[in-house]
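Quick note: the sequence shown, position 64, residue 599 per this note's numbering, numbers continuous.
Cβ atoms here follow ideal geometry from the backbone N, Cα and C, with glycine treated the same way.
Remarks on the structure that follows.
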Amino acid sequence: MPQNGPLLEDVDVVTAADPACQPVADLRSVTPKHEATGTAWASLGAGDGAGGGSVVLTSYPEGGAKAWMSELRAAVSTCKDFVASSERGWKDRGTLKVSPTDGIGDESLGFSTVSAEDPGKGQAMTIVRTDGSLAVYLTSSEGEPIPAALMKTQHERLREARK
């Protein structure tokens, strides 16, 4: 979502104006349709070569991660104009645009948002599924994109951890 709006660490109950866009809003909501069984969050700073950003790792009961990826793919392809609001009172308006992901993980989806209020601001997200886990990588429009190599390494580590 736009950089001038809340980031992932400011999550609360988030609702999309268009129900078809709810899977995207669920990325920032404490009440997503697909409830995680485990979550870990970390900041990625410029010192580690990632250019700044964050990553949220979540695990799901059988079929949950795959189902959410399918719903996210449908939402991102149909929800070009995105409006979301929260119980805390913030509201974001923006445009969604699909971006390439270089075939990372079992499946991956990339998209960016551009703020309707400030077209120079926005965020980019890449969601990578590894088995029953999702890794959500987030950067602002001012930051460098998170390198595909870092996401591929994380995918391999998750795969190894499941063995």
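Original post:
Since E515 contacts P558 with CB under 8 Å, what's their CB separation in whole angstroms?
Top reply: Only positions 536 to 698 of the chain appear in the structure, and residue 515 is not among them; the question remains open.
Subject >> Beta-bridge partners of S650, as assigned by DSSP >> reply: On the sequence shown, position 115 is the one that residue 650 refers to. Bridge partners of S650: G629.
Subject >> Collapsed DSSP secondary structure at A585 in the structure displayed >> reply: One-based indexing of the sequence shown puts residue 585 at position 50. In this prediction, A585 scores a pLDDT of 44, lower than 50, which makes its location untrustworthy; no coordinate-derived value is stated.
**OP:** Assign R563 to one of three DSSP states: helix, strand, or coil.
**Re:** By 1-based counting over the sequence shown, the position of residue 563 is 28. In the structure shown, R563 sits in a helix (DSSP, three-state: H, G or I).
Subject >> Through-space distance from E652 to W603, alpha-carbon basis >> reply: Here residue 603 refers to the residue found at position 68 of the sequence shown. Here residue 652 refers to the residue found at position 117 of the sequence shown. Spanning the two alpha carbons is a distance of roughly 29 Å.
Subject >> R481 - containing beta strand (DSSP E), residue span >> reply: This structure gives no information on residue 481, because the portion of the chain shown stretches from 536 to 698.
**OP:** Kindly indicate the opening and closing residues of the alpha helix (DSSP H) around S605.
**Re:** In the sequence shown, counting from the first residue as 1, residue 605 sits at position 70. Start and end: G599 to T613.
Original post:
Under the rule that 16 or more other beta-carbon atoms within 10 Å means buried, what is A555, buried or exposed?
Top reply: Position 20 of the sequence shown, counted from the first residue, corresponds to residue 555. So A555 counts as exposed.
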